[in-house]
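Last residue of the sequence shown: number 689 in the UniProt record's numbering, and the count goes up by one each step with no gaps. We put the beta carbon where it would ideally sit given N, CA and C, even for glycine.
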Amino acid sequence: MASEPVISVRDLTVSFASEAGTVRAVRGMNFDLYPGKTLGIVGESGSGKSVTSMAIMGLLDKNASVKGSITYHGEELLSKSDLEMSEIRGKGIAMVFQDPLSALTPVFSIGDQIKEALVTHNPKMTEQQIHDRSIELMNLVGIPDPEDRLKSFPHEFSGGMRQRVMIAMAIANDPDVIIADEPTTALDVTIQAQVLEVLRKAQRETGAAVIFITHDLGVIAGVADDIVVMYAGRPVEKADVDSIFDHPAMPYTMGLLGAVPRSDRERNSRLVPIPGSPMNLVNMPKGCPFAPRCPLATDICHTTEPAMEPVPGRPGQFVACHRTQEIVDKGLTFHDVYTVAEAAKSKFAGIPRDERKMVLDVKHMRKTFPLTAGGFLRRKIGEVKAVDDVTLDVREGETVALVGESGSGKSTTLMEIMEFKQPQDGEIEMFGTKLEHKIPREKRRELRSSVQYVFQDPMSSLDPRLPIYDILAEPMKVQHYSKEQIRERIGELMRLVELNPDQVDRFPTQFSGGQRQRIAIARALSVNPKLVLLDEPVSALDVSIQAGVINLLEDLQNKLGVAYLFVAHNLSVVRHISSRVAVMYLGRIVESGDTEDVFEHPLHPYTQALISAVPVPDPKAERTRQRIVLQGEVPSPTETFEGCPFMGRCPLMPKLSAEQQARCRGERPALRPYDTSRPSGHQVACHFA
């Protein structure tokens, strides 16, 4: 390790003035960053990760009060003016932001924005030098046809390509430090794998030190050398990556690791939810900020905040916890610290799938949207094939997951089912009733009570003007429940989703994100449905809160026997919660079967790539596992394919003979049973699987 750090942070404190009081966003942050190394900063939303990075860059708002010390090559940054910092930003220290669409200027071409990054710090560069360097950077980050793409604008790039542009701009001037603030959070797992590989390549080419900020423990396991875990604005544990994952010494770190579902392991235990919610950073009480949520908290934890101290017998590991000695001596793990109730036995345990009633049967469903052009007299110029020949079924008490990249047709499939009418093409049957254009009103009402929907963002789906009581009562009023029935049912629902029934007079804004999602689930269950459609129900939640909602969904299914059709892009969550899975690509199902069968023996090259791209929260596994990194982007759903829609990205394609490749180009593969002798019903749409 180099003897001198490129960045040193000492006792960094950042606070903001607000109407509610002083927000203590960062407290007592300390770390050293060495050349060529990657420091991971992890924690839940509001823990102070991004504020720390913005303080280093000198980009905090004017109402921020910053104290402590940040040195860059021994030079104090906090005493510098904004003009002086602008000479360092982009040249010595560069940043890759979470949302490239917001970070890139929409009215300038990509070439102009890379040029600005270069000329700001190299005013004597000639136009030819700028052009050559821009092409070099575009090639380095893997953007095809760089000569033409330099003329493009940000909106003409996909999310993954925009993030590649951000990385190109960050490394344009060979910085000593790259700060990556949640650079892959908004990306699909296959694109995330590409971007992480580009970041690794950029670090190798420049020799830069990297600060990698994320809430994803799987990602951090694969990129970081050292980790700082933050909670409520302060570091609570710091060590090398292997020590953090193998021997965490802080109950909060243990809880984070226990809350993460694994895509590489069969589900054999419940997730570990951390009780409660992260602390409000205004008017913080005395003591350890994690004490209200900590199962090991004692009296001293509620009165005295622990300092960061070395962990006995573990060189280089530091933790802020009063119970460290006991944790180390007893070798406690998250299984010892957090108790999780066993799941209730399912009502359908032991009943074979083919003996359960069908609650939903979709056959050859298609949904297209017209593309139009012109002004007053608009004309159709094409169509978007959002859902293309989808066939699936859901039976009592099971969870069927739809997975795939953005734009694959997952959510459109759910919305088409919720129309409760004959689809544009194909058939939908619910509980033995075939959906047609004309269904009697009473029958439609009965169907609507049997099928309910939970949206991704509860803050958007819950009316902020109504108290929780009215929100929960609304579906029951439609179904003609009496006032007494509604009152009794609401109390029952609040207890069912583990919320206090006395809080029904509160409004959605007075609840945390996890609590709001529980309310959305309670609303969906209010009229005793047999099938619930869940559209990314946990993707917006922090990992510790997500674990509680996943456990709740499992418990409700076991108690009530409800079936789920579950849309997700997080394959770790899918493996944990689902019994069957269907993989979608460009509106078509390319593989389906029992979850364990699909994850252990994926057949379609796309499924294989999806599973291999999922980060695993295990540094040793991440360093040794082989990934299939897909090249290119998902084609537009407006394109027409004679053959296989996946052939342009298929890693199997180059290994096929000319005759086999011709078949892929000219014949679209149908979804077919892979092995009729196997009971799992494993199906695949690939000629050579």
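Counted within 10 angstroms of its Cβ, other Cβ atoms place residue i as buried (16 or more) or exposed
{"i": "Thr-339", "result": "exposed"}
{"i": "Thr-206", "result": "buried"}
{"i": "Arg-24", "result": "buried"}
{"i": "Asp-675", "result": "exposed"}
{"i": "His-215", "result": "buried"}
{"i": "Asn-268", "result": "exposed"}
{"i": "Pro-235", "result": "buried"}
{"i": "Pro-440", "result": "exposed"}
{"i": "Ile-327", "result": "buried"}
{"i": "Asn-500", "result": "exposed"}
{"i": "Asp-148", "result": "exposed"}
Straight-line Cα distance separating residue j from residue i
{"i": "Ser-102", "j": "Val-96", "result": "12 Å"}
{"i": "Ala-259", "j": "Phe-318", "result": "22 Å"}
{"i": "Glu-75", "j": "Val-6", "result": "10 Å"}
{"i": "Tyr-231", "j": "Ala-55", "result": "17 Å"}
{"i": "Val-14", "j": "Asp-264", "result": "39 Å"}
{"i": "Ala-343", "j": "Leu-565", "result": "20 Å"}
{"i": "Ser-47", "j": "Arg-27", "result": "10 Å"}
{"i": "Asp-242", "j": "Val-223", "result": "12 Å"}
{"i": "Pro-458", "j": "Leu-525", "result": "15 Å"}
{"i": "Cys-664", "j": "Met-250", "result": "53 Å"}
{"i": "Leu-402", "j": "Leu-553", "result": "16 Å"}
{"i": "Arg-395", "j": "Asp-594", "result": "13 Å"}
{"i": "Leu-59", "j": "Cys-321", "result": "32 Å"}
{"i": "Phe-369", "j": "Lys-385", "result": "7 Å"}
{"i": "Asn-283", "j": "Phe-245", "result": "32 Å"}
{"i": "Leu-435", "j": "Gln-546", "result": "34 Å"}
{"i": "His-335", "j": "Glu-309", "result": "24 Å"}
{"i": "Leu-78", "j": "Asp-597", "result": "55 Å"}
{"i": "His-604", "j": "Ala-685", "result": "7 Å"}
{"i": "Phe-108", "j": "Phe-153", "result": "6 Å"}
{"i": "Pro-248", "j": "Ile-191", "result": "30 Å"}
{"i": "residue 698", "j": "Ala-17", "result": "The requested residue 698 does not occur in the structure, where the chain is confined to residues 1 to 689."}
{"i": "Arg-293", "j": "Val-567", "result": "30 Å"}
{"i": "Pro-651", "j": "Ile-611", "result": "14 Å"}
{"i": "Gly-40", "j": "Lys-347", "result": "44 Å"}
{"i": "Asn-570", "j": "Gly-111", "result": "34 Å"}
{"i": "Ser-86", "j": "Arg-262", "result": "43 Å"}
Closest Cα partner of residue i within the set the options
{"i": "Asp-555", "options": "Glu-147, Glu-398, Ile-7 and Thr-185", "result": "Glu-398"}
{"i": "Thr-184", "options": "Pro-175, Ile-167, Ile-171 and Asn-173", "result": "Ile-167"}
{"i": "Ile-178", "options": "Ala-670, Thr-38 and Ala-613", "result": "Thr-38"}
{"i": "Arg-623", "options": "Glu-639, Arg-200 and Val-119", "result": "Arg-200"}
{"i": "Met-254", "options": "Pro-617, Pro-645, Ser-460 and Asn-283", "result": "Pro-617"}
{"i": "Ser-460", "options": "Arg-516, Ala-473 and Arg-445", "result": "Arg-516"}
{"i": "Asn-98", "options": "Leu-33, Asp-181, Asp-176 and Asp-148", "result": "According to the sequence provided, residue 98 is Gln. The question's Asn does not apply to it. When each option's Cα is compared against that of Gln-98, the closest is Asp-181."}
{"i": "residue 717", "options": "Leu-671, Gly-587, Gln-661 and Arg-625", "result": "In this structure the chain extends from 1 to 689, so residue 717 is not present and cannot be described."}
{"i": "Asn-30", "options": "Pro-106, Gly-233 and His-155", "result": "Gly-233"}
{"i": "Phe-511", "options": "Gly-90, Pro-278, Val-119 and Met-169", "result": "Pro-278"}
{"i": "Asp-61", "options": "Phe-688, Asp-82 and Arg-262", "result": "Asp-82"}
{"i": "Ser-3", "options": "Tyr-252, Tyr-34 and Pro-306", "result": "Tyr-34"}
Whether residue i touches residue j by CB criterion (7 Å)
{"i": "Gln-583", "j": "Thr-607", "result": "What sits at residue 583 in the sequence shown is Val, not Gln. Their beta carbons are under 7 Å apart, which means Val-583 touches Thr-607 by this criterion."}
{"i": "Asn-270", "j": "Asn-551", "result": "Looking at the sequence itself, residue 270 is Arg, so the reference to Asn does not match. It is a contact, given that the beta carbons lie within the stated cut-off."}
{"i": "Ile-468", "j": "Val-497", "result": "no"}
{"i": "Leu-196", "j": "Gly-160", "result": "no"}
{"i": "Val-337", "j": "Pro-273", "result": "no"}
{"i": "Val-527", "j": "Ser-449", "result": "yes"}
{"i": "Ile-135", "j": "Pro-146", "result": "yes"}
{"i": "Val-590", "j": "Gly-407", "result": "no"}
{"i": "Lys-367", "j": "Gln-456", "result": "no"}
{"i": "Ser-592", "j": "Gln-683", "result": "yes"}
{"i": "Arg-360", "j": "Leu-531", "result": "The identity of residue 360 in the sequence shown is Leu, whereas the question assumes Arg. Result yes, Cβ atoms of Leu-360 and Leu-531 sit closer than 7 Å."}
{"i": "Ile-213", "j": "Ser-53", "result": "yes"}
{"i": "Met-365", "j": "Gly-426", "result": "yes"}
{"i": "Gly-313", "j": "Thr-303", "result": "no"}
{"i": "Asp-393", "j": "Met-358", "result": "yes"}
{"i": "Arg-164", "j": "Ile-143", "result": "yes"}
{"i": "Glu-44", "j": "Asp-542", "result": "yes"}
{"i": "Pro-92", "j": "Asp-176", "result": "The sequence shown places Gly at residue 92, rather than the Pro named in the question. Yes. Within cutoff."}
{"i": "Pro-619", "j": "Cys-644", "result": "no"}
| task | Please specify which runs of the alpha helix (DSSP H), each continuous and at least 4 residues long, are wholly inside the stretch 373-417, giving them in chain order. | result | Assignment of alpha helix (DSSP H) within the stretch 373-417, counting only whole runs of 4 or more residues, yields 410-417 in chain order.
| field | Those runs of the alpha helix (DSSP H) which lie wholly inside the stretch 30-94 and span at least 4 residues | value | Runs of the alpha helix (DSSP H) inside the stretch 30-94: 49-57 and 82-88.
| Length-filtered (3 minimum) beta strand (DSSP E) runs lying within the stretch 141-167 | If we require 3 residues or more, the stretch 141-167 turns out to have no beta strand (DSSP E) run fully inside it.
| alpha helix (DSSP H) runs wholly inside the stretch 271-356, at least 4 long, in chain order | You should have 299-303, 324-330 and 334-337.
| query | What alpha helix (DSSP H) runs, 4 residues minimum, are completely inside the stretch 218-247? | reply | Counting only runs that start and end inside the stretch 218-247, the alpha helix (DSSP H) elements of at least 4 residues fall at 241-246.
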